[in-house]
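A short write-up of the structure that comes next.
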Amino acid sequence: MNRKWHQLILSLGCLLLIIICNSCQSTITTSPNTGTKPFKVATDPTFIPFESQNASGQLEGFDIDLMNAIAKISGLPIQFQNLPFDGMISTLQAKRVDAAISGITITPERLKTIAFSRPYFKAGLAITVRANNQNIQDFNSLKGKKIGVQIGSTGATFAKTIPNAKISTFNSGPEFFQDLINGNVDAVISDAFATLYAIKNGNLKGIKVVANLLTEEYYGIATPKDSPYLEVINKAITNLLSNGTYQQIYQKWFNTTPPKLPESSI
Ligand code: GLN
């Protein structure tokens, strides 16, 4: 009799332990990152003034300041990781990073495989030509021309719609601008803000941006499709927009007040 009671108590104890362990495990696997595991954020630091590396190798730029502000307000323990722009979407799909910030335009095509935060920057594509070029003014004048674009960018997708254009693809912005200056391509199609910034700050000489933008685009922070952090990031952006931090960062890099951002761009 005594032994039976012992056995019963022992098995009840075991059952209780199993229940406790199970509930522990499920809270561990479903709870969001609480600060121990780094939250990996990919960026390609060749896109001035959004992300670049200074002389001592430190990341800087509008996106870097914004992501750091998001980390501060949300408590996400971010860790930047450099990655070529062209590989960013597949790396997110494979969940090898938690997010990416790199002037990435929110497009319907990209939304098929990854997710985006609410828009954080209003941007657009522009045509850049050599300063003495008078005949390339708009989309129609690009027909049959030699065009430089960055691999995997919205500029590259856009260039495919130009009839008879001869497209050269480059790994990063600085390379195609060199080819434009050298005369190897007639025009470059790329993000207007980055180009205008480089020209204004004297990093690029002998080229000009054609006044009219080709597209209106919005940048978003990209995450894997079912990321549990998207909500946290969106809340942080909304807070930074309303508490003046976003405006401060915008002012610091672009010397002007930001335009109003929609809650969704697509
Ligand atoms: N905004 C462009 C895109 O998303 C280019 C971004 C970049 O070169 N970093 O394709």
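Take 19 as the starting number for the sequence shown in this note's numbering and just add one per residue.
Think of the CB as a built atom: it goes at the ideal place given N, C-alpha and C, for glycine as much as any other residue.
Quantities reported herein were computed from a predicted structural model and do not represent experimental measurements.
Distance, Tyr-236 Cα to Lys-113 Cα: Numbered from its first residue, the sequence shown carries residue 113 at position 95. Numbered from its first residue, the sequence shown carries residue 236 at position 218. Computed Cα separation, rounded: 23 Å.
Is the stretch 124-131 in contact with the stretch 80-87, if contact means three or more CB pairs nearer than 8 Å? no
Can you give the Cα-Cα distance for Asn-72 and Thr-64, rounded to whole angstroms? To locate residue 72, count along the sequence shown from 1; it is residue 54. To locate residue 64, count along the sequence shown from 1; it is residue 46. Cα-Cα distance, rounded: 11 Å.
Buried versus exposed, by CB contacts within 10 Å (16 or more), Ser-208: Within the sequence shown, numbered from 1, the residue matching residue 208 stands at position 190. Buried is the call here.
Judging by CA-CA distance, which residue of Ala-149, Val-147, Gln-269 and Lys-278 is the nearest neighbour of Thr-256? For the purposes of this step, residue 256 is taken as residue 238 along the sequence shown, with counting starting at 1. Of the candidates Ala-149, Val-147, Gln-269 and Lys-278, the one whose C-alpha sits nearest the C-alpha of Thr-256 is Lys-278.
Among Gln-111, Ile-169 and Asp-116, which residue has its Cα nearest to the Cα of Asn-251? Here residue 251 corresponds to residue number 233 of the sequence shown, with the count starting at 1. Strictly speaking, residue 251 in this sequence is Ile, with Asn absent from that position. With distances taken between Cα atoms, Ile-251 lies closest to Asp-116.
Taking all protein chains shown into account, decide if Lys-90 is buried (16 or more other Cβ within 10 angstroms of its Cβ) or exposed. In the sequence shown, residue 90 corresponds to position 72, counting from 1. Result: exposed.
Check Lys-278 in the structure and name its three-state DSSP category. In the sequence shown, the residue the question calls residue 278 occupies position 260. Reduced to three states, the DSSP call for Lys-278 is coil.
Kindly indicate the opening and closing residues of the beta strand (DSSP E) around Ser-186. Mapped onto the sequence shown, residue 186 falls at position 168. Segment 184-188, the beta strand (DSSP E) holding Ser-186.
Shortest alpha-carbon distance to Tyr-247 belongs to which of Thr-61, Glu-78, Ser-135 and Ser-74? Residue 247 sits at position 229 when you count from the first residue of the sequence shown. Measuring from the Cα of Tyr-247, the nearest candidate turns out to be Ser-135.
Which partner residues of Phe-242 appear in the DSSP bridge assignment? As a working note, residue 242 is residue 224 in the sequence shown. Here the sequence assigns Pro to residue 242, which means Phe is not the residue at that position. Ile-132.
Buried or exposed for Ile-267, please, with buried defined as at least 16 other CB atoms from any protein chain shown within 10 angstroms of its CB. Your numbering for residue 267 matches position 249 in the sequence shown. With 16 or more other Cβ atoms within 10 Å, it is buried.
Does the distance between the C-beta of Gly-166 and the nearest non-hydrogen atom of the ligand GLN fall short of 7 Å? Position 148 of the sequence shown, counting from 1, holds the residue named residue 166. No, the ligand GLN has no heavy atom inside 7 Å of this Cβ.
Who pairs with Gly-166 in a beta bridge, going by DSSP? Reading the sequence shown from its first residue, position 148 is the one you call residue 166. Paired residues: Ser-186 and Val-206.
Opening and closing residue of the alpha helix (DSSP H) in which Ser-260 lies: Stepping through the sequence shown from its first residue, residue 260 is reached at position 242. According to the DSSP assignment, Ser-260 belongs to the alpha helix (DSSP H) that extends over 248-260.
Is Ile-122 a contact residue of the ligand GLN, with contact defined as CB to any heavy atom under 7 Å? The residue you call residue 122 lines up with position 104 of the sequence shown. Yes, the ligand GLN has a heavy atom inside 7 Å of this Cβ.
Run of the alpha helix (DSSP H) containing Ile-267, from where it starts to where it stops: As a position in the sequence shown, residue 267 is number 249, starting the count at 1. Looking at the DSSP string, the run of the alpha helix (DSSP H) that includes Ile-267 is 263-272.
From Gln-306 to Ser-120, what distance separates their C-alpha atoms? Any property of residue 306 remains undetermined from this structure, which presents the chain solely from 19 to 284.
For the candidate residues Leu-232, Lys-226 and Thr-54, whose alpha-carbon lies nearest to that of Ala-144? Here residue 144 refers to the residue found at position 126 of the sequence shown. Selected option, being the one with the closest Cα: Leu-232.
Tell me the rounded alpha-carbon separation between Pro-102 and Phe-57. Along the sequence shown, read from residue 1 onward, the residue named residue 102 stands at position 84. Along the sequence shown, read from residue 1 onward, the residue named residue 57 stands at position 39. Going from the Cα of Pro-102 to the Cα of Phe-57 covers about 19 Å.
Counting C-beta neighbours from all protein chains within 10 Å, is the total for Thr-61 16 or more, i.e. buried, or is it exposed? The residue given as residue 61 occupies position 43 in the sequence shown. So Thr-61 counts as buried.
Using the C-alpha atoms, what's the distance from Ser-108 back to Asn-151? Locating residue 151 in the sequence shown gives position 133, counting from the first residue. Locating residue 108 in the sequence shown gives position 90, counting from the first residue. Going by the C-alpha atoms only, they are around 38 Å apart.
Candidates Leu-214, Pro-242 and Lys-243: which alpha carbon is nearest Gly-142's? If you number the sequence shown from 1, residue 142 lands on position 124. The shortest C-alpha separation from Gly-142 is found at Leu-214.
On a CA-only basis, which of Asp-244, Phe-176 and Lys-140 is nearest Leu-129? Give me that one, please. Position 111 of the sequence shown holds residue 129. Per the Cα distances, Asp-244.
Supposed close pair Val-203, Gly-166 - CB separation, criterion 8 Å: Counting from one through the sequence shown, the residue named residue 203 turns up at place 185. Counting from one through the sequence shown, the residue named residue 166 turns up at place 148. Right, their Cβ atoms sit about 4 Å apart.
For the ligand GLN, I want to know if Asp-104 counts as a neighbour, meaning its beta carbon is within less than 7 Å of at least one of the ligand's heavy atoms. In the sequence shown, the residue the question calls residue 104 occupies position 86. Checking every heavy atom of the ligand GLN against the Cβ of Asp-104, none is found closer than 7 Å.
Using the three-state DSSP reduction, which class does Gln-97 fall into: helix, strand or coil? Taking the sequence shown and counting its residues from 1, one reaches residue 97 at position 79. Reduced to three states, the DSSP call for Gln-97 is strand.
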